[in-house]
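Visitor: Going down the list, the sequences are from chains A and B. Quick note on my numbering: the first sequence kicks off at 57 and runs consecutively. Quick note on my numbering: the second sequence kicks off at 101 and runs consecutively. Quick reminder that beta carbons are idealized off the backbone N, C-alpha and C, glycines included.
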Amino acid sequence: MKAGVIVFPGSNCDHDAWYAVNENLHGRAEFIWHDSPKLGDVDAVILPGGFSYGDYLRCGAIARFSPVMQAVKKFAADGGLVLGICNGFQILVEAGLLPGALLRNQELKFICREVKLRTETTASPFTSKLTKSQILRIPIAHGEGQYFADERTLDQLEADDRVAFRYLENPNGSARDIAGILNEGRNVLGMMPHPERACDPLMGSTDGLGIFESILNAVPALAK
Amino acid sequence: MTITPELIEQHQLTTAEYEKIVSLLGREPSYTELGIFSVMWSEHCSYKSSRIHLKKLPTKGKYVVQGPGENAGIIGIGGGWVVAFKIESHNHPSYIEPFQGAATGVGGILRDIFTMGARPIAVMDSLRFGPLAGVPEAEHNRRIVSGVVSGIAHYGNCFGVPTVGGETIFEDCYSANPLVNVFALGVCKENEVFYAKASGVGNPVIYVGAKTGRDGIHGASMASAEFTEESKQKRPNVQVGDPFLEKLLLEACIEAMKTGAIVAIQDMGAAGLTSSSCEMGSRGGVGIDIDLDKVPQRETGMTAYEMLLSESQERMLIVAEKGREEEVFRVFRKWGLDAVTIGVVTPDGKLRVRHHGQVMAEIPNPALADEAPKYDRPHNTKPHRRAPLDPPAALPTSSDYAADLLKLVGSADLCSKRWIWEQYDYMVRTNTVVGPGSDAAVVRLKETDQSIAMSLDGNGRYCYLDPREGAKLAVAECCRNLATAGAVPVAATNNLNFGNPERPEIMAQLVEAIEGIAEACEFFEAPITGGNVSLYNETLGEGIYPTPVLGIIGLMKTAQPTPIHFSSDGAPLLLLGGFGECDAQRFGATQYAKVIQGQLWGLPPRLDMKAEKRVHDAIRAMLDAGIVESAHDLSDGGLAVTLSECCTPELGAKVILPEGANPLFTLFGEAPSRILLTVNDAAKAAQIAAKFGVDCPAIGAIMKERLQVGTDRQMLIDFSTSGLEQAFETALPRLLQAQHD
């Protein structure tokens, strides 16, 4: 029983997610290659950051066609936990598992910096170990992280308590400061910030641990 | 095609060089062969002007596993692990096409690292541009900055290597000759290092990676000539990079290396297919036969000449064990990359190239790689400098130290480079213990308890005034940066950026600088394991400042880093190394002279290497003792600028300077061998400093929200720290967004 980290050609935060789960969290994670039509016996799926398929065309636009994504969709539909980080969030949006779109940052530049997030809901398997309004210091590193959705969708997300995190200081022009959202079933989370980069005291913040601990809590089988 | 004198000149070969080709071949070369010789014997590939002097550099040391001559230098770090690292320039292409020029500069050095089997884990960049304001070229310079920075970001971020530090300097002399020097470092097990040495007659030669196109033809030759009015038309000579493909190539190469079927591997960088095959053959004392019909091509109708000289990116050449090709192919298929056998290792030591069944070139490998011309260019003259040796008649004085400091922290060289480094992913791979904006970058190795500290430094102004002393100062500064992080220097790489070596006064700069580096690297026990020479950085006869850039790496136990910023109110502030010496002549090299007075004169700061080393030993001992709360070395801008860099919006300092000295020299003099620190145990610090024979005056204490500097009698500077922070942080974006001027 374990977490599966999907590896697309061009994924480059796959090892970081793997390391966070295995070494910082003492959980279990393994890699799943993008052309695998099956996920195997995993209890949670992580779509890592990077530039899947070079992010040609549009970020995540090609990745959604990869064989493994059919399996991820089915896994999510069956209630499995799926965490998309950065490029993983972009893929989830392209694949229709989450609403909206991620546009180029307002200032049209890549931004790498630690930002402050406010935890907007604890009613999800990804945030249950956090406290409501808890401030997390977690890095972002993206060129296309401006969350966009039409007003109705944004209203709906808020009405459903599906905004998981908001930026305290909006770095990229995201609508309503949104940094991460849940799907209707609350078992799929997409977020632009990188919690796997904030799991080790040497990296300057361990505020990402709470998100992974929530997942481990939701799926006890993940713990070693 | 008949070889005419015009054709020879077009290929930037001299008559004497051409005659040497004829004698080596025993006949006239073909057109294709002429092209091959022209790139392999270009300054860029052959180091013909610098080779005899590069021999003076120390290359051996207890950590060195592989010195110069391979794709990258390698040092052992214990526990069976090694680090591969090197610096490369992409100066000329970055002027012609900043985005792609810089991007492919990153791509090229990354391949140099992973062709040795090492996974790249850090990149740093040393960048030099023309001024962003106040000169006619300012707008163009701003475009070059934006292009270069986004090119580096584009390539490094997508590839997935953190860009963890570097330096960015602005001077008039770089307006038409910007410098883009990229340093990369990778890691692997000692028994998994691969070399570019072909062997095994009958073994297949396999081409992997991107297809060959017409891009970059004669790039190496372009990088070996001065710029003229026509240079901008050389845009087609700049290659186009695809970082996604490079990422796949990295993963595929590392996976293929694990099969055990690979004998040798080399990337196709400058002079592409030609240099990779003849260098691999030459190193192994074997020949290589290549059939160009089998080379994957992305354009039709390419000639042998074009294919051989193409510098299309993201390609590698592999020699595999005969009979095990399929193991290699399988890996590359998995990653969706071309892998094709295009040739074979032969016993005759020749590079033989066939196209459409015809032999287009047949050259003994050593003729290309080892018999390249080697020049002892005249240099028995004083190094070129126009700056006066004596200070201006009226000694510099200041009416408002505070205003001067504010101008300095907001000046292009000294201001925060956040606008640049926030565009780089400096954290990917979760190893970055200390990222950009510090003295040295520190990257941990998860597999061991070791971290690698690294520092890039050069100072064109110092070197222009005195190339030898300037080069030594750059070495000292790098080592001081490493020491301030707690690391011991172990090895170095260098990038020598100079003008036209055919001018004796420029050649004299190069020779002086190399000898200075040699002396300092020997002294600080940081042997040179490789590097790059970039000459002809001149436009219409006007050269750059002599700019040797040093990249030095150090080892340390992985630990929580000591910040450069002040961290606790009331903590005693110490100046390890003391106030240093400065006089009117040495003041001419400072940032104060540049920014406030707009002048350059005199000599660089005086360096006493023994004293410098004692300072390094003392700071490391203090860090080991656990008494240091913050530490930042003094460099450009002197004490006053260093003090402001250590302030946070919440914490400043109250500093008392000694009476009697010229405050200008005390505040802004740039004497080396000094570190500003706060400690939690001043007595212990004094004891350690005394043990190493280093001055360590207490100069004040940390206070809330203000930086106050003065003597007992007079307040010289009194600022709110938030005001300083604002000047420091907003300067670069403001300069880059400036209106047309």
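Out of B:Asp-566, B:Leu-673, B:Pro-304, B:Thr-114, state which residue places its alpha-carbon closest to the alpha-carbon of Arg-485 of chain B.
Guide: When each option's Cα is compared against that of Arg-485 of chain B, the closest is B:Asp-566.
Visitor: Does DSSP classify Cys-258 of chain B as helix, strand or coil?
Guide: Note: Cys-258 of chain B maps to helix in three-state DSSP.
Visitor: To be precise: take each residue of the segment 158-177 of chain A, compare its Cβ to all Cβ atoms of chain B, and keep it if any distance is under 7 Å. Which residues remain?
Guide: Answer set for the segment 158-177 of chain A: Lys-165, Phe-166, Ile-167, Cys-168, Arg-169.
Visitor: Could you pull out every residue in the same chain whose Cβ sits closer than 7 Å to the Cβ of Leu-392 of chain B, ignoring the five residues on either side in sequence?
Guide: These residues qualify, in order along the chain: Ala-404, Met-407, Val-453, Arg-454, His-455.
Visitor: Quick one: which residues of the segment 529-542 of chain B get their C-beta closer than 7 Å to a C-beta of chain A? List them in chain order.
Guide: Per Cβ criterion, the list reads Arg-529, Thr-530, Val-533.
Visitor: Drop a sphere of 10 angstroms on the beta-carbon of Ser-412 of chain B, count the other beta-carbons inside from all chains shown, and report buried for 16 or more, exposed for fewer.
Guide: With 16 or more Cβ atoms within 10 Å of its Cβ, Ser-412 of chain B is classed as buried.
Visitor: I'd like to confirm the pairing. Which residues does DSSP put opposite Gln-842 of chain B in its beta bridges?
Guide: Chain B is shown from 101 up to 841; residue 842 of chain B falls before or after that span and cannot be answered.
Visitor: Select from B:Pro-262, B:Val-264, B:Arg-228 the residue whose C-alpha is nearest the C-alpha of Val-248 of chain B.
Guide: Of the listed residues, the one whose Cα sits closest to Val-248 of chain B is B:Arg-228.
Visitor: Buried or exposed: Lys-474 of chain B, going by 16 or more other Cβ atoms within 10 Å of its Cβ?
Guide: Flag for Lys-474 of chain B reads exposed.
Visitor: Using CA coordinates, which residue listed in B:Thr-102, B:Leu-556, B:Met-416, B:Arg-433 is at the minimum distance from Tyr-295 of chain B?
Guide: Ranking the options by Cα distance to Tyr-295 of chain B, first place goes to B:Met-416.
Visitor: Going by beta carbon distance, what residues of the same chain come within less than 6 Å of Ala-361 of chain B, once the five residues before and after it are set aside?
Guide: The answer, listed in chain order, is Ala-420, Glu-421, Arg-424, Glu-427, Val-428.
Visitor: Buried or exposed for Thr-115 of chain B, please, with buried defined as at least 16 other CB atoms from any protein chain shown within 10 angstroms of its CB.
Guide: Result: exposed.
Visitor: Going by the DSSP bridge assignment, what does Ala-553 of chain B pair with across the sheet?
Guide: Ala-553 of chain B pairs with B:Val-542, B:Gly-654.
Visitor: If you pair each beta-carbon of the segment 88-107 of chain A with each one of the segment 122-131 of chain A, do three or more pairs fall below 8 Å?
Guide: Because the criterion of three Cβ pairs below 8 Å is met, the segment 88-107 of chain A and the segment 122-131 of chain A touch.
Visitor: Does the distance between the C-beta of Glu-252 of chain A and the nearest non-hydrogen atom of the ligand ATP fall short of 7 Å?
Guide: With respect to the ligand ATP, the structure offers nothing, as it holds no ligand at all.
Visitor: Compute the distance between the beta-carbons of Gly-116 of chain A and Ile-147 of chain A, then report whether it is under 8 Å.
Guide: Their beta carbons are under 8 Å apart, which means Gly-116 of chain A touches Ile-147 of chain A by this criterion.
Visitor: I need the straight-line Cα distance from Ser-634 of chain B to Ala-59 of chain A, nearest angstrom please.
Guide: Between Ser-634 of chain B and Ala-59 of chain A, the C-alpha separation is close to 49 Å.
Visitor: Taking only the alpha-carbon atoms, compute the straight-line gap between Leu-154 of chain A and Leu-265 of chain A and give it to the nearest angstrom.
Guide: Between Leu-154 of chain A and Leu-265 of chain A, the C-alpha separation is close to 23 Å.
Visitor: What's the gap between the Cα of Arg-561 of chain B and the Cα of Val-149 of chain A?
Guide: Whole-angstrom Cα-Cα distance: 52 Å.
Visitor: Quick check on the burial criterion: 16 or more other C-beta atoms within 10 angstroms. Buried or exposed for Gln-458 of chain B?
Guide: By the 10 Å Cβ count, Gln-458 of chain B comes out exposed.
Visitor: In the DSSP assignment, what residue or residues form a beta bridge with Asp-389 of chain B?
Guide: Looking at the DSSP assignment, Asp-389 of chain B forms a beta bridge with B:Val-444, B:Arg-452.
Visitor: For Cys-258 of chain B, would you say it is in contact with chain E, using Cβ-to-Cβ distances shorter than 8 Å as the test?
Guide: Protein chains A and B are contained in the structure displayed, whereas chain E is not.
Visitor: Given a limit of 8 Å on CB to CB distance, which residues of the segment 416-437 of chain B reach chain A?
Guide: Under the 8 Å Cβ criterion, the segment 416-437 of chain B contributes Trp-435, Gly-436.
Visitor: Quick one: list the residues of chain B neighbouring Arg-218 of chain A, beta-carbon separation under 7 Å, in chain order.
Guide: In chain order: nothing, as chain B lies at least about 28 Å away.
Visitor: So, does the CB of Glu-522 of chain B fall closer than 8 Å to a CB anywhere in chain A?
Guide: It does: the Cβ of Glu-522 of chain B has a partner Cβ on chain A nearer than 8 Å.
Visitor: Report the neighbours of Phe-199 of chain B on chain A: residues whose CB is nearer than 8 Å to its CB, in chain order.
Guide: In chain order: nothing, as chain A lies at least about 13 Å away.
Visitor: Could you please give the first and the last residue of the uninterrupted alpha helix (DSSP H) stretch that includes Glu-214 of chain A?
Guide: That run of the alpha helix (DSSP H) goes 207-215.
Visitor: Please determine if the segment 345-352 of chain B and the segment 248-261 of chain B are in contact, where contact requires at least 3 C-beta pairs separated by less than 8 Å.
Guide: Touching, yes, given that three or more Cβ pairs across the two stretches are closer than 8 Å.
Visitor: Which residues, in chain order, does the segment 189-208 of chain A contribute to contact with chain B at a C-beta distance below 7 Å?
Guide: Within the segment 189-208 of chain A, the qualifying residues are Pro-195, Ala-197.
Visitor: With a CB to CB cut of under 7 Å and the five nearest residues on each side skipped, what residues in its chain are close to Ala-254 of chain A?
Guide: Cβ within range, chain order: Arg-193, Ile-194, Pro-195, Ser-261, Thr-262, Asp-263, Gly-264.
Visitor: Could you give the DSSP three-state label for Asp-225 of chain B: helix, strand or coil?
Guide: Correct three-state label for Asp-225 of chain B: strand.
Visitor: Please report the straight-line C-alpha distance between Arg-720 of chain B and Ala-786 of chain B, rounded to a whole angstrom.
Guide: Answer to the nearest angstrom: the Cα atoms are 14 Å apart.
Visitor: If you draw a straight line from the C-alpha of Thr-748 of chain B to the C-alpha of Ala-801 of chain B, how long is it?
Guide: Spanning the two alpha carbons is a distance of roughly 14 Å.
Visitor: List the residues of chain B that Tyr-75 of chain A touches, going by C-beta distances under 8 Å, in chain order.
Guide: Within chain B, the residues near Tyr-75 of chain A are Thr-530, Lys-546.
Visitor: Assign Pro-105 of chain B to one of two classes, buried (16 or more other C-beta atoms within 10 Å of its C-beta) or exposed (fewer than that).
Guide: By the 10 Å Cβ count, Pro-105 of chain B comes out exposed.
Visitor: List the residues of chain B whose Cβ lies closer than 9 Å to the Cβ of Asn-68 of chain A, in chain order.
Guide: Those are Asn-257, Cys-258, Phe-259, Gly-260, Val-261, Lys-347, Asp-525, Val-528, Arg-529, listed as they occur along chain B.
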